[in-house]
Amino acid sequence: MTAQRQYILPNCNLVIEGLVTGEESDPTSPLTVVLNSECTFPGTADRLSGGREFLNALVKAVSAYAQSLLSGVPYPLAETPTATQPVTLQRTEHHRHQLVATVANADGAETQTAISLNSVQLFDLVEAVDQLLADTFTLPDMTLQVVPLNRRHARPAEPMTKRALPATVGVSALAAASALLFMVPVPEFEPQRREANEQSELEALVEAESANLDNAGAADSGADSDEAPATATADEDTPTADTDTDAATAEDLSSDDTADDAEAATAATDGTVGPVAAGIALGRLATAPAIADADTLDNLGAEVATKLESALEDLADDAPLSFEEVLIYRIAVSEDGEILGYKYENDAALENIDGTPLPQLTFIPVDTESAVDEPVAQLRITFELDGTVKAEPIEAADGE
Amino acid sequence: MQLDSPPAASSPSLLETLANPNLPSQDCPRRIRIDLDLLILAIESLDVAGSEALLKVTEQLGLQAVIPGRVQLWLIRSTNPMRRQSQRDPLSVDQAKALTLVICFLAKRLTVLIRQLLLGYQQLQDQNLSPDHHFRLADYLSRFRSLFRARMNPQRAGVIAYSTDEKLNELALLLLTRLLFCTGTQGPQRLWNSLFDGEVV
């Protein structure tokens, strides 16, 4: 027989009519067939009714919409009633909810009914549905089926256009930058032998410096000889000496005022060593071990003195000695008597460097950079005015 | 109304009525921590003795094992990242379940008030009046605003979004609607599942 189950709430009444098998008087026997379900909203004339399909659609739509309202996450709900889902709920403004249902009336014609519900009315509808679902004595096959929405339905925090903006800006900036850089020509790479260049530069610098010093020294000496109340013979001799030098060995005595850098350079390459290069060589020898044996020092001093004296005599053959003061130099001598470097100790020694055989006799090794590790003797050489040469060893302590 | 009377069952069995969500991690996501704390804040705004009632209900429901006392409750609520004294401690699923049950229980007690406020708000809306014209509603909104501002860290981006009174009123009304849905027969189930919408894998 037919039975009626009612779910009465202040703002919504849900009435289910169906057939009960078994004991008719037993209120706990469940409905087997739903004949009619009716949903009314007291206070309004709105009324929805339909069969089992309508009830199923209503339960499904209301349940999902309630979850969507609770969580704020939009459920994938149909927006307009369809054949499979004739009941839809949609949110409208001012906290209202639009319930739209397509129901067939008694004539079989389908009519669409739209009901605007406020929050409390909607809740009463949800509550009526929930009570129906919880009621095991009406339709036990219908139960509440709510599961959390999967992650992929989660609403992104920002719309797609907003999220794509930074990436778009980045890509376009990269494109613009590459287009601009495309215009810039590729720089050409010229492989250079850097070390060789540096070496030659250093040599050129040393040569230029020595030439300048030579010129300055010569000019000074010339001025001195002009101004000083020297003897008439000296005044007469100097030009002859110059001409002789030019005629004979221009490179050996480059004391001429007109000697330019080129001449100085050739002079340097020809075997003479300027004061600067010799000074560099001496500085290089600073780290070399000193010869400490007194006998060896004496022998070396005598040997060097003899060598310098003979060389001075050779020079004096060509031209008379031009210096009027004793010239004192510090020199470094290797074990076998080679002069490795020299340094002037008084001003006259600097001015008259080219009047001495030291530049010619000094031996400059090819490799000027590497430190010397052979033992050297530091000697003080004195060119006396009478053409003799004295050599005395310098103690390591009073050097520099 | 089957759940009207508090079940006398022990806490684990009560918690088992709520299904464990299939979360990617062991702890509750950020949104759940925020939502639960805000719902409790709304209850406190409705009921002056809300936080006391919360502890009482915890005892009534036999959930002391999960929420032993006031300090633990405060610690759990402080997992809300919007709070000034936000804790970095995780919120366990059991704690979230306990809070959900307590919220639904308290909401059910406040059903009449919640319905009054929402109906009143609807009437004010229909007449284009501001919520200030409803004394009880204005009281709720102002209390919610002051509680929110006192407890939430205004430096956080999530709190900056609610910088104006209008925004806070909207949030308070949204929470009121959610509390209304918590009062239903299937309130705990609906609230619990809605918390994890868009979070499960």
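Quick mapping for you: the protein sequence lines, in order, are chains Y and C. Under my numbering, the letters of the first sequence match residues 911 to 1310, in that order. Under my numbering, the letters of the second sequence match residues 230 to 430, in that order. By construction, the Cβ of each residue, glycine as well, lies at the ideal position given by its N, Cα and C atoms. Here the structure is a predicted model, which means the values were calculated and not measured.
A Cβ-Cβ contact shorter than 8 Å links Leu1054 of chain Y with Gln415 of chain C.
In this structure, Y:Phe1273 is the residue among Y:Gly960, Y:Tyr985, Y:Phe1273 and Y:Val930 with its C-alpha nearest to the C-alpha of Ile1241 of chain Y. Phe334 of chain C has a beta carbon lying at 8 Å or more from every beta carbon in chain Y. Nearest CB-CB separation between Glu428 of chain C and chain Y: below the 8 Å threshold.
Residue range Ile1249 to Tyr1254 is occupied by the beta strand (DSSP E) that includes Tyr1252 of chain Y. Here the alpha carbons of Gly413 of chain C and Glu1037 of chain Y stand approximately 6 Å from one another. Contact between Ile305 of chain C and Gln293 of chain C is ruled out by a C-beta separation of about 13 Å, above the 8 Å threshold. It is roughly 21 Å from the alpha-carbon of Arg344 of chain C to the alpha-carbon of Trp421 of chain C. Three or more beta-carbon pairs separated by less than 8 Å are not found between the region 976–991 of chain Y and the region 953–961 of chain Y, which leaves the two stretches without contact.
The Cβ of Glu1037 of chain Y sits closer than 8 Å to at least one Cβ of chain C.
Its chain contains no residue whose beta carbon lies nearer than 7 Å to that of Asp355 of chain C once the 5 sequence neighbours on both sides are disregarded. Non-local C-beta neighbours of Pro991 of chain Y in its own chain, meaning closer than 6 Å and more than five positions away in sequence, comprise Thr998, Val1010 and Thr1012, ordered along the chain.
Using a Cβ-Cβ cut-off of 8 Å, Pro1058 of chain Y counts as an interface residue toward chain C, since at least one Cβ of chain C sits closer than that to its own. Here Leu1115 of chain Y is exposed: its Cβ has fewer than 16 other Cβ atoms, across all protein chains shown, within 10 Å.
Cβ neighbours of Leu929 of chain Y within its own chain (closer than 8 Å, five residues either side excluded): Met911, Thr912, Ala913, Leu941, Thr942, Val943 and Leu945. Distance between Pro920 of chain Y and Leu347 of chain C, taken at the CA atoms: about 14 Å.
Contact fails between the region 251–263 of chain C and the region 361–369 of chain C, because fewer than three Cβ pairs, one in each stretch, are under 8 Å apart. Scanning chain Y for C-beta atoms nearer than 7 Å to the C-beta of Gln418 of chain C yields Leu1054 and Val1056, reported in chain order.
In summary, the residues of the region 346–357 of chain C whose CB is separated from some CB of chain Y by less than 7 Å are Leu347, Leu348, Gln351 and Gln354, in the order they occur in the chain.
Contact check for Val331 of chain C against Leu267 of chain C fails: the beta carbons are separated by 8 Å or more. A contact is defined here as three or more CB-CB pairs under 8 Å, and the region 402–412 of chain C fails this definition with respect to the region 383–393 of chain C. One thing to note: Ala971 of chain Y has its Cβ no nearer than 8 Å to the Cβ of Gln1008 of chain Y. Put simply, the CB of Phe364 of chain C is far from chain Y, with every gap to its CB atoms at 8 Å or more. Residue pairing by DSSP places Arg957 of chain Y opposite Y:Thr950 in a beta bridge.
Residue state for Asn382 of chain C is assigned as coil, using DSSP reduced to three classes.
DSSP places Val1079 of chain Y in the uninterrupted alpha helix (DSSP H) bounded by Met1070 to Met1093. When the Cα atoms are used, Val1236 of chain Y and Gln1102 of chain Y turn out to be separated by approximately 50 Å. Annotation: the continuous alpha helix (DSSP H) that includes Leu347 of chain C extends over Thr340 to Asp355. Of the residues assessed, Asp1264 of chain Y falls on the buried side of the cut-off, its CB having 16 or more other CB atoms within 10 angstroms. Contact annotation: in the region 979–999 of chain Y, residues whose CB is within less than 9 Å of a CB in chain C are Leu979, Leu980, Ser981, Gly982, Val983 and Tyr985. When Cβ-Cβ separations below 8 Å define contact, Pro250 of chain C makes contact with chain Y.
Note on geometry: alpha-carbon atoms of Val430 of chain C and Asp361 of chain C lie some 44 Å from one another. Distance between Cys257 of chain C and Val1096 of chain Y, taken at the CA atoms: about 57 Å. If you ignore the 5 residues before and after Tyr985 of chain Y, its C-beta comes within less than 6 Å of the C-beta of Ala974 and Ser978, all in its own chain and listed in chain order. For the 8 Å CB-CB criterion, Leu1218 of chain Y and Ile1304 of chain Y do not form a contact. Rounded to whole angstroms, the separation of the alpha carbons of Ala1085 of chain Y and Leu1075 of chain Y is 15 Å.
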